[in-house]
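Since the structure comes first, as structure tokens, the remarks are kept for the end.
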Amino acid sequence: MMIPHRRTVLFAAASAVLAAPAARAQLTIDMTKPSFEPVPIAIVDLQGDPVGAQMATVIRNNLQNSGLFRSIPPGSFIEKNVGASAPPRFPDWRQVGAAGLVVGSVAQSGGSIKVDFRLWDVIAGAQATGLSFTSQASNWRRLSHIISDAIYKRVTGEEGYFDTRVAYVSETGPLNNRVKRIAIMDQDGANNRYITDGATIAITPRFSPTLQEIVYMAFGENKGPPRVYLQNVDSGRRELMGNFPGMSFAPRFSPDGSRIAMSLSQDGRTNLFEMDVRGRSQRRLTNSPAIDTSPCYSSDGSQIVFNSDRGGSQQLYVMPSGGGGERRISFGEGRYATPVWSPRGDYIAFTKISSGGFGIGIMRPDGSGERLLANGYLVEGPTWAPNGRVLMFFRQQRGGGVGLAAIDVTGRFERTVPTPTEASDPAWSPLIPQ
Amino acid sequence: MQTIKAIAAIGALMFIAACSSNTNTASMEPPSASTSVAPGSIGDFRQNVGDRVYFDTDMSSIRADGRDTLAKQAEWLKRYTNYPITIEGKCDERGTREYNLALGERRANAARQYLVAQGIPASRIKTISYGKERPEAVGSDEGAWARNRVAITALE
């Protein structure tokens, strides 16, 4: 569902610059192969305006953090001041070991910014891709992410995930009296802001497909039961989702944003329900005396994977999104929780609890091919990047200390995701609508 | 509206009473019969009856020690009938956040059902789950986990 959005007008002209002969050579990477070397890439400060150096820093950081690229230190560059208007001296870039070279130019006037960028295939001596943008000057970070996505796509053949945001729970204060607020930041940690005030505990944020709304659970004032709220990110206006007698929690949008699945608890039983976001009608999805929670829709919206202890211990089940016909898909040792369906549809990620501790893993939707990617004293709550190639989750140290981490689906590159405070419960947004 | 105001005022006064009695009994644990708290006060309930029951890992069934505590709670609550009751269910950190919210609810409900079976009107008892969001004890060891698998009978 594409809702008309004020950002749609921001990028007035995004077009390919100089269609050059395609040259693949070694500027490509197949990330499904069992082993590969990161692509060495040189990213030159964009020329013409001081913001060009900041943009290059954002791009270097993105690509380096993906684990698929190695950013060559700018101090080692031989050719200086290379811009977008003329070809580079390829032998100079081959000498510093670059397979790819990113150059660009920036011009600002009257609050708007124009950016041209090119990715050169240094081995082939040819342009690999190039784009030109105009936008509001304040959008320079987003332009840097969009350029990063274009480079990622050209080299890997997959959509990028840098022009995205992450909602998470900011945690401050002593462990037995934590302030837990919902925060949103860019995927690289920039532009952090808080969308709840911390008066009561708020957890489990999830983005709507347009990123305009967040759904989350918050406790009430004066021991009011936890309930699900829908909040507009820009206006801050929030609405209670359903006036249920007991606790409502674990909300999740359907892929088209029209429905929200959640858990309701009453008399010790926890079942799954679904609400229409606009009409507010509600439907029961499960009816068991057990705990059914953490529902998540498949990428096409036709199925729901969830967590239930109906068989005695926490396991993963899949059912049609209208309910009925639940079937268990997890059969390994230990307990399984927090299933999340990949936007690509190929995997379900989960938290696994076994005698050895906690793990983050993936399995196919039929339960086959289970693979653990990360483990520790407590790792929990995976969320997918929109391209289905990277997971973010949270990691708590024994005795306290909690923060965000990201790992790719091969399990090769885990890194810490910086946040201004301690953090948990990340939710990765779709690509920001342009 | 007037009813709500009146209840709030009573609650506030009792909270003050509870605070003042807490200050001089805090150092007197473990609980033993004491004359330093007024009979029928929240301090009396906490100290001489016991306001919490504990659970085994990932379980919500009431243990034998919990049944004794809940039986004493029921006896006391039948004598002092003016307290609204909220049972708070909690879990240790070794579970996932959403599941633990539901497990805490199940624990609180197990304690509630026990009190109802002992004759406390169901309408008098609310439940709330904090899952693993508000631990009673800080720490990542068996001692802290055991204290966090709990249903606390809170009086207002």
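As you go down the protein sequences, you meet chains A and B in turn. The first sequence begins at 1 in our numbering and counts up by one. The second sequence begins at 1001 in our numbering and counts up by one. Cβ atoms here follow ideal geometry from the backbone N, Cα and C, with glycine treated the same way. Just so we're clear, the structure is a prediction, and the values are computed from it rather than from any experiment.
Alpha carbon to alpha carbon, how far is residue i from residue j?
| i | j | result |
| --- | --- | --- |
| A406/A | Y1080/B | 54 angstroms |
| T270/A | D1068/B | 28 angstroms |
| P320/A | S35/A | 37 angstroms |
| G301/A | L264/A | 21 angstroms |
| P74/A | A42/A | 7 angstroms |
| N1143/B | A1137/B | It should be pointed out that residue 1143/B corresponds to Gly in this sequence rather than to Asn. Computed Cα separation, rounded: 8 angstroms. |
| A1122/B | P1084/B | 11 angstroms |
| N62/A | T410/A | 18 angstroms |
| L131/A | P88/A | 17 angstroms |
| A124/A | A349/A | 39 angstroms |
| Q303/A | Y347/A | 13 angstroms |
| K1072/B | V1049/B | 6 angstroms |
| R1147/B | T1096/B | 18 angstroms |
| T210/A | P430/A | 8 angstroms |
| R1107/B | I29/A | 52 angstroms |
Just checking: is the beta-carbon of residue i within a distance shorter than 9 angstroms of some beta-carbon in chain B?
| i | result |
| --- | --- |
| T172/A | no |
| S424/A | yes |
| F393/A | no |
| R335/A | yes |
| I353/A | yes |
| E380/A | yes |
| M217/A | yes |
| R181/A | no |
| A250/A | yes |
| M247/A | yes |
| D197/A | no |
| G400/A | yes |
| G361/A | no |
| A20/A | Since pLDDT at A20/A reaches only 43, below the 50 mark, its modelled position is unreliable, and no value is offered. |
| R178/A | yes |
| L175/A | yes |
| S288/A | no |
Could you tell me whether the Cβ atoms of residue i and residue j are closer together than 9 angstroms?
| i | j | result |
| --- | --- | --- |
| S435/A | G257/A | Since the displayed chain A opens at 1 and closes at 434, residue 435/A lies outside it and no answer follows. |
| I1120/B | L1077/B | yes |
| V277/A | L230/A | yes |
| R94/A | A128/A | no |
| K1090/B | R1149/B | yes |
| P426/A | V166/A | yes |
| I353/A | Q314/A | yes |
| E1133/B | R327/A | no |
| T172/A | T421/A | yes |
| V106/A | V115/A | yes |
| V103/A | F117/A | yes |
| G100/A | P40/A | yes |
| R191/A | R141/A | According to the sequence shown, residue 191/A is Asn rather than Arg. A contact, by the Cβ cut-off of 9 angstroms. |
| S424/A | I203/A | yes |
Ordered along the chain, which non-local residues of its own chain (more than five positions away) have a Cβ less than 6 angstroms from that of residue i?
| i | result |
| --- | --- |
| N1109/B | T1127 |
| R283/A | E274 |
| G1066/B | V1053 |
| R60/A | I43, S71 |
| Y194/A | R181, A183 |
| T53/A | A quick correction: the sequence has Ala, not Thr, at residue 53/A. Excluding positions up to five away in sequence, the list reads D45. |
| G97/A | P40 |
Would you say residue i reaches chain A, if we count a Cβ-Cβ gap shorter than 9 angstroms as a contact?
| i | result |
| --- | --- |
| T1096/B | yes |
| N1109/B | yes |
| L1101/B | yes |
| L1155/B | no |
| R1046/B | no |
| V1138/B | yes |
| E1088/B | yes |
| I1128/B | yes |
| D1051/B | no |
| R1164/B | In the structure as shown, chain B begins at 1001 and stops at 1156. Residue 1164/B is therefore absent and cannot be evaluated. |
| D1056/B | no |
| S1060/B | yes |
| E1133/B | yes |
| R1067/B | no |
| Q1113/B | yes |
| E1075/B | no |
Tell me which same chain residues have a C-beta within less than 7 angstroms of the C-beta of residue i, skipping the five on either side of it?
| i | result |
| --- | --- |
| G367/A | I329, S330, F331 |
For residue i, which residues in the same chain have their Cβ closer than 8 angstroms to its Cβ, ignoring the five residues on either side in sequence?
| i | result |
| --- | --- |
| E221/A | A199, T200 |
| I260/A | V215, V228, L230, M241, P251, R252, F253, S254, E274, M275, V277 |
| task | Could you tell me whether the region 43-58 of chain A touches the region 75-89 of chain A, where touching means 3 or more Cβ pairs closer than 8 angstroms? | result | yes
| query | Is the region 388-408 of chain A touching the region 131-141 of chain A in the sense that three or more CB pairs, one from each, lie closer than 8 angstroms? | reply | no
| request: Please determine if the region 184-199 of chain A and the region 141-154 of chain A are in contact, where contact requires at least 3 C-beta pairs separated by less than 8 angstroms. | output: yes
| Should the region 243-258 of chain A be regarded as contacting the region 1099-1115 of chain B, the criterion being three or more beta carbon pairs within less than 8 angstroms? | yes
| request: Decide yes or no for the touch test of the region 411-421 of chain A against the region 366-383 of chain A: beta carbon pairs closer than 8 angstroms, at least 3 of them. | output: yes
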